[in-house]
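Peer 1:
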Amino acid sequence: MKLFQTADYDSMSRKAADFIAAQIILKPDCVLGLATGSTPIGTYQNLIDLYISDHLDFSRVKTVNLDEYRGLSGDDVNSYHYYMKENLFQFININPDNTYIPDGTDPEPEEMCARYDRIISRLGGIDLQILGIGRNGHIGFNEPGDVFHVNTHCVDLARRTIRDNRRFFPCEADVPRQAYTMGMGAIMNAKKILLLASGKEKAPALHKAFCQPVSPRVPASILQLHPDVTVIADFKACEELAPFLKN
Ligand code: PGA
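Here the sequence shown is numbered in the numbering used here, starting from 989 and rising by one per residue.
#1: What is the rounded straight-line gap between the Cα of residue 1142 and the Cα of residue 1101?
#2: Touch check for the stretch 1033–1044 and the stretch 1118–1125: three-plus C-beta pairs under 8 Å?
#3: Taking the DSSP output, what are the residues bridged to residue 1050?
#4: Considering only heavy atoms of the ligand PLP, does any lie closer than 7 Å to the CB of residue 1027?
#5: Any idea what DSSP makes of residue 992, helix, strand or coil?
#6: Return helix, strand or coil for residue 1118, following the three-state DSSP convention.
#7: Whose CA, out of 1135, 1062, 1139, lies closest to the CA of residue 1109?
#8: Residue 1169 lies in the beta strand (DSSP E); which residues open and close that run?
#9: List the whole-angstrom C-beta distance separating residue 1219 from residue 1183, where the pair is believed to meet the contact cut-off of C-beta under 8 Å.
#10: Please specify which runs of the alpha helix (DSSP H), each continuous and at least 4 residues long, are wholly inside the stretch 1095–1163, giving them in chain order.
#11: Regarding residue 1126 and the ligand PGA, is the C-beta to nearest heavy atom distance less than 7 Å?
#12: Quick check: the Cα distance between residue 1148 and residue 1092, rounded to an integer number of angstroms?
#13: Go ahead and pull the three-state DSSP assignment for residue 1227.
#14: Assuming residue 1055 and residue 1070 are in contact, meaning their beta carbons sit under 8 Å apart, how far apart are those beta carbons, in whole angstroms?
#15: To the nearest angstrom, how far is the alpha carbon of residue 1003 from that of residue 1161?
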């Protein structure tokens, strides 16, 4: 794992956007695996700036998102379809036909999940997967459990995740209890992984993910087995990453 420490959230976001821009410049028709949540918002703002000021070209880029809440349609302000439109897609020259997000309202969820994995395979897999990390160590909505799930699947959200995501909803009762998430197969098959983290509340999760044995109890720990992981995190998030702090 390569670690880049940054002073704060803004510099994390700038560095992450530069990293992603480099990927797009080197392979203009790349497949990006995209994350949602508060962590990548600044990264997406910087990518928009690069599109406007440097003409970073998204016209041939394809994207696959990690997850979506079960039951929320794309028009719902809390859906990740809405998030992606509001925070990135509407401001850049990406072709909407090249963007994929699990459908939270599909009446045949199992078929939808299988189809999502087929889409990722048909695209040739993911060139660069962007990840946040939950305070409980989840990536996407792969929650702590007894096993690592390989394929896109429906998950019961952990109590902690529901509590953490309550801030986006009017009240806790409104937070969906289930979501669809890409599984570890597509994530681990990505050629490169970029994990972003900011703030001291992420420090214990980063420690468990990279300084303790691999375990499905800490889903992000599986990344120890991936050959090309870059972590860009601010000083506060890195506070418990002692073995990596020399670089
Ligand atoms: P956050 O979520 O970016 O809102 O902290 C990260 C995650 O749950 O993966």
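All C-beta atoms, glycine included, are put in the ideal place defined by N, C-alpha and C.
Treat the numbers as computed from the prediction; the structure is a model and nothing was measured.
Peer 2: According to the structure data:
#1: Locating residue 1142 in the sequence shown gives position 154, where the first residue counts as 1. Locating residue 1101 in the sequence shown gives position 113, where the first residue counts as 1. Computed Cα separation, rounded: 8 Å.
#2: no
#3: Taking the first residue of the sequence shown as 1, we reach residue 1050 at position 62. Looking at the DSSP assignment, residue 1050 forms a beta bridge with 1019.
#4: As for the ligand PLP, it is missing from this structure, which binds only the ligand PGA.
#5: Locating residue 992 in the sequence shown gives position 4, counting from the first residue. DSSP places residue 992 in strand when its eight states are reduced to three.
#6: Looking up residue 1118 in the sequence shown gives position 130. In the structure shown, residue 1118 sits in a strand (DSSP, three-state: E or B).
#7: Numbered from 1 along the sequence shown, position 121 holds the residue referred to as residue 1109. Minimum Cα distance to residue 1109 is reached at 1139.
#8: As a first step, residue 1169 is located in the sequence shown; it is residue number 181 there, counting from the start. From DSSP, the beta strand (DSSP E) with residue 1169 extends over 1166–1169.
#9: Indexing the sequence shown from 1 puts residue 1219 at position 231. Indexing the sequence shown from 1 puts residue 1183 at position 195. Contact holds; Cβ gap of about 5 Å.
#10: 1097–1110, 1147–1153
#11: One-based indexing of the sequence shown puts residue 1126 at position 138. Correct: residue 1126 has its Cβ closer than 7 Å to the ligand PGA.
#12: In the sequence shown, counting from the first residue as 1, residue 1148 sits at position 160. In the sequence shown, counting from the first residue as 1, residue 1092 sits at position 104. Residue 1148 and residue 1092: Cα-Cα distance of roughly 21 Å.
#13: As a working mapping, residue 1227 is identified with position 239 in the sequence shown. Residue 1227: coil per DSSP, three-state reduction.
#14: Locating residue 1055 in the sequence shown gives position 67, where the first residue counts as 1. Locating residue 1070 in the sequence shown gives position 82, where the first residue counts as 1. Wrong, their Cβ atoms sit about 14 Å apart, outside the cutoff.
#15: Taking the sequence shown and counting its residues from 1, the one referred to as residue 1003 is at position 15. Taking the sequence shown and counting its residues from 1, the one referred to as residue 1161 is at position 173. Straight-line Cα distance between these residues: approximately 36 Å.
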